[in-house]
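Those protein sequence lines, which keep their order, are chains A and B.
Adding 1493 to a residue's 1-based position in the first sequence gives its number in this note's numbering.
Adding 1493 to a residue's 1-based position in the second sequence gives its number in this note's numbering.
2 protein chains.
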Amino acid sequence: MTQDLTTIISSATKTVEISRAMPTVIIGERINPTGRKAVLAALKEGNFDMVRQDAVNQVKAGAVVLDVNAGVPGVDEPALIQKMMGIVMEETDVPLCIDTADPAALEAALSVYSGKALINSVNGEERSLEAVLPLVKEHGAAVIGLCMDDDGIPETPEKRLQVAGKIIERAGKLGIGPEDIVIDPLALTMGADSSAGILAIESIKLIIAEFGVNITMGASNISFGMPDRKYINSTFIAMAILAGLTCPITNPMVAQVSIAIQAADLVMGRDDYGMAWIKAYRARQKALEAQS
Amino acid sequence: MTQDLTTIISSATKTVEISRAMPTVIIGERINPTGRKAVLAALKEGNFDMVRQDAVNQVKAGAVVLDVNAGVPGVDEPALIQKMMGIVMEETDVPLCIDTADPAALEAALSVYSGKALINSVNGEERSLEAVLPLVKEHGAAVIGLCMDDDGIPETPEKRLQVAGKIIERAGKLGIGPEDIVIDPLALTMGADSSAGILAIESIKLIIAEFGVNITMGASNISFGMPDRKYINSTFIAMAILAGLTCPITNPMVAQVSIAIQAADLVMGRDDYGMAWIKAYRARQKALEAQS
Chain A
1494 MTQDLTTIIS
1504 SATKTVEISR
1514 AMPTVIIGER
1524 INPTGRKAVL
1534 AALKEGNFDM
1544 VRQDAVNQVK
1554 AGAVVLDVNA
1564 GVPGVDEPAL
1574 IQKMMGIVME
1584 ETDVPLCIDT
1594 ADPAALEAAL
1604 SVYSGKALIN
1614 SVNGEERSLE
1624 AVLPLVKEHG
1634 AAVIGLCMDD
1644 DGIPETPEKR
1654 LQVAGKIIER
1664 AGKLGIGPED
1674 IVIDPLALTM
1684 GADSSAGILA
1694 IESIKLIIAE
1704 FGVNITMGAS
1714 NISFGMPDRK
1724 YINSTFIAMA
1734 ILAGLTCPIT
1744 NPMVAQVSIA
1754 IQAADLVMGR
1764 DDYGMAWIKA
1774 YRARQKALEA
1784 QS
Chain B
1494 MTQDLTTIIS
1504 SATKTVEISR
1514 AMPTVIIGER
1524 INPTGRKAVL
1534 AALKEGNFDM
1544 VRQDAVNQVK
1554 AGAVVLDVNA
1564 GVPGVDEPAL
1574 IQKMMGIVME
1584 ETDVPLCIDT
1594 ADPAALEAAL
1604 SVYSGKALIN
1614 SVNGEERSLE
1624 AVLPLVKEHG
1634 AAVIGLCMDD
1644 DGIPETPEKR
1654 LQVAGKIIER
1664 AGKLGIGPED
1674 IVIDPLALTM
1684 GADSSAGILA
1694 IESIKLIIAE
1704 FGVNITMGAS
1714 NISFGMPDRK
1724 YINSTFIAMA
1734 ILAGLTCPIT
1744 NPMVAQVSIA
1754 IQAADLVMGR
1764 DDYGMAWIKA
1774 YRARQKALEA
1784 QS
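Okay, here's the thing in structure tokens:
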């Protein structure tokens, strides 16, 4: 068992430590037009009200980092991501996770960011490694490494471990330490393959045992096509936290998910005397009273 | 890693297999007067309506085994547990978990039971080993072994493993195989000690790696004194299932807990195509429609 690593990211004014000794870090996923027609339309019209709201509300709901994705088809992504980041940095002071597949947009985003960003993402494909890792190094950022490569997404935990190892090794050659690599083992849809959940969890265990790195994961794909998805997602996140997940990318405004993450931290012994649990409970009660 | 064992228990007509390859077996905890004033009073008056209701409703809610506890102070426990078991066996056909600290009540209970019972419980105390294990052997039952002994409840997973080992060894000397021992690592209150949850989970992992036995646990103590307990209990059970818990003793009528167990089985890859998940969802929808 390798020693557990700590990943540090920051905004201009705020530092966030990610490690298995600390409470789970929620990366808010909502600032992303993918699959959200209203947001897509608003962004095309230059209306950033929803970006503003999603930023504020996610932080209020417990997000410690915000993912920003500007993937609007037919739009100048470098300019758009800069604009969106500017708005998020105006409204909140949390570190950002720069989410783009476009190296030009990534470079534009990094150029306007103050602090140490988390880049989302690099993967094991030659093209991706060559485009992204030098930017990670140049800007002193941290980066999410997806367990997929030129052959696609591997079907076994052992092969996902290999891809993680390849990304960590290639980063190391550029002087990027493993503490700045956050691995995403990839959680696919259980509706298509019943073993998708346990495969992701077994991958986490192997990757941690070998490299001690921090782990991120989107936990929504897993339940695609199933009813009552919030229960599946929240249960899956809690189990993955036991396996070693440290910074899930999720929507903290789904109460079921936020509560499960807080409960998992309590079970992991990361919430002394349940003080965070009790504080969150009181906030929920207050919100309920305000509604009634 | 030892091979995983299968524990088989039965009623007169129904067999239940407990193993990590199968969906989680819920042992319904409700037929127990401890801390339930109305039930205590009713039992003292010879009124068994609540026993009847708790039996039927728990099975309806997903219990596959029913715990029966007749611990009413000042009452003839051997006679009472026989009476209660008779009623439960009239109303349902599931195997029973005979829950008593009184060897005379245990003997009385076993004498009226048809099938292979689960006995709750033996522990590592000399007195308990000597009183309970011969009855387990004589009646060909299975037994829950609690990780505590003459020195109390050990404070480390390693020492809980030792107590589990002692129970398994002593049982073996009487010809009771490890497949008939279900270990309860004991989950204490996190409000008193923040590490109680992770300690129980680490104990499960160690015990399974060494002995491959099935694991039970009450998951309600863990949240004692905290608000919103159902969320803590359900999250804790899901995490413990990942660690290797196979037959929690819990209240399946708490929807949050039942749903988390079903979701955990889905994540573990024990629910092909999510068929059980979808069926349970439809049953919930139907119940909601019936209410409205």
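Ideal placement from N, C-alpha and C gives every residue a C-beta, glycine not left out.
Owing to the predicted nature of the structure, the values given are computational and were not obtained by experimental measurement.
First through last residue of the beta strand (DSSP E) which encompasses residue i
i	result
A/Glu-1631	First-last for A/Glu-1631: 1619 to 1631, but that is the alpha helix (DSSP H), not the beta strand (DSSP E).
B/Thr-1499	From DSSP, B/Thr-1499 is part of no beta strand (DSSP E); its letter is neither H nor E.
A/Val-1509	1508 to 1511
A/Val-1568	Looking at the DSSP string, A/Val-1568 is not in any beta strand (DSSP E), and its letter there is neither H nor E.
B/Arg-1529	Taken as a continuous stretch (DSSP letters only), B/Arg-1529 belongs to no beta strand (DSSP E), as it is neither H nor E.
A/Arg-1523	1520 to 1524
A/Gly-1638	1635 to 1639
A/Asp-1677	1674 to 1677
Beta carbon proximity, residue i to chain A, threshold 8 angstroms
i	result
B/Ser-1785	no
B/Val-1750	no
B/Thr-1649	no
B/Ser-1687	yes
B/Val-1760	yes
B/Ile-1725	yes
B/Gly-1767	yes
B/Asp-1497	no
B/Met-1732	yes
B/Tyr-1606	no
B/Asp-1677	no
B/Ala-1753	yes
B/Ile-1771	yes
B/Ile-1694	yes
B/Gly-1737	no
B/Ala-1757	yes
B/Asp-1790	Outside the displayed range of chain B (1494 to 1785) lies residue 1790 of chain B, so it cannot be described from this structure.
B/Asp-1642	no
B/Met-1746	no
Cutoff 8 angstroms: residue i Cβ touching any chain B Cβ
i	result
A/Pro-1741	no
A/Asp-1721	yes
A/Phe-1729	yes
A/His-1691	Checking the sequence shown, residue 1691 of chain A turns out to be Ile, not His. Output row for A/Ile-1691: interface = yes.
A/Ile-1700	no
A/Ala-1554	no
A/Leu-1603	no
A/Met-1710	no
Within 8 angstroms, strictly: CB atoms of residue i and residue j
i	j	result
B/Ile-1580	B/Ile-1612	no
A/Ser-1687	B/Tyr-1774	no
A/Ile-1574	A/Ala-1535	no
A/Leu-1699	A/Glu-1623	no
A/Met-1719	A/Gly-1684	yes
B/Ile-1661	B/Pro-1647	no
A/Gln-1749	A/Ser-1727	yes
B/Ser-1696	B/Leu-1654	yes
A/Arg-1529	A/Gln-1551	no
B/Thr-1682	B/Ile-1715	yes
A/Ser-1504	A/Leu-1589	yes
Cβ neighbours of residue i in the same chain (closer than 6 angstroms, five flanking residues each side left out)
i	result
B/Ala-1635	Thr-1500, Ile-1502, Leu-1611 and Asp-1673
B/Val-1747	Lys-1723
B/Met-1577	Val-1544, Val-1561 and Ala-1563
A/Ala-1657	Cys-1640, Ile-1676 and Ile-1700
B/Ala-1757	Ala-1731 and Ile-1734
B/Pro-1526	Val-1532, Leu-1533, Leu-1536 and Val-1565
B/Val-1549	Glu-1584
A/Lys-1788	It is not possible to answer for residue 1788 of chain A, since the shown part of chain A is limited to 1494 through 1785.
A/Arg-1763	Pro-1516
A/Pro-1741	Met-1710, Ala-1712 and Ile-1730
Extent of the continuous alpha helix (DSSP H) run through residue i
i	result
B/Val-1544	1542 to 1553
B/Ser-1614	No alpha helix (DSSP H) holds B/Ser-1614; the beta strand (DSSP E) holding it covers 1611 to 1616.
B/Asn-1726	1722 to 1736
A/Asp-1586	It is not in any alpha helix (DSSP H) - A/Asp-1586 carries neither H nor E in the DSSP assignment.
Close beta carbons around residue i, own chain, < 8 angstroms, minus the five adjacent residues each side
i	result
B/Leu-1626	Val-1615, Val-1636, Arg-1663, Ala-1664, Leu-1667 and Ile-1669
A/Ala-1776	none
B/Leu-1759	Gly-1767, Ala-1769 and Trp-1770
Proximal residues to residue i (C-beta, below 7 angstroms), its chain only, five neighbours per side dropped
i	result
B/Ser-1751	Ala-1554, Gly-1555 and Pro-1745
A/Asp-1595	Glu-1570
A/Arg-1513	Asp-1497, Gly-1737 and Thr-1739
Requested in this report: Please determine if the region 1705 to 1712 of chain A and the region 1728 to 1747 of chain A are in contact, where contact requires at least 3 C-beta pairs separated by less than 8 angstroms.
Outcome: With a cut-off of 8 angstroms, the region 1728 to 1747 of chain A and the region 1705 to 1712 of chain A count as touching, because enough Cβ pairs lie within range.
Query raised in the report: Does the region 1527 to 1545 of chain B touch the region 1632 to 1651 of chain B, meaning 3 or more C-beta pairs lie closer than 8 angstroms?
Result: Cβ pair count under 8 angstroms is below three, so no.
Query raised in the report: Taking one C-beta from the region 1578 to 1590 of chain A and one from the region 1546 to 1559 of chain A each time, how about it: are there three or more such pairs within less than 8 angstroms?
Result: In short, these stretches touch, since the Cβ pair count reaches three.
Query - Segment contact flag, the region 1519 to 1538 of chain B with the region 1689 to 1697 of chain B, C-beta cutoff 8 angstroms, min 3 pairs - result: The region 1689 to 1697 of chain B and the region 1519 to 1538 of chain B do not touch, with fewer than three beta-carbon pairs separated by less than 8 angstroms.
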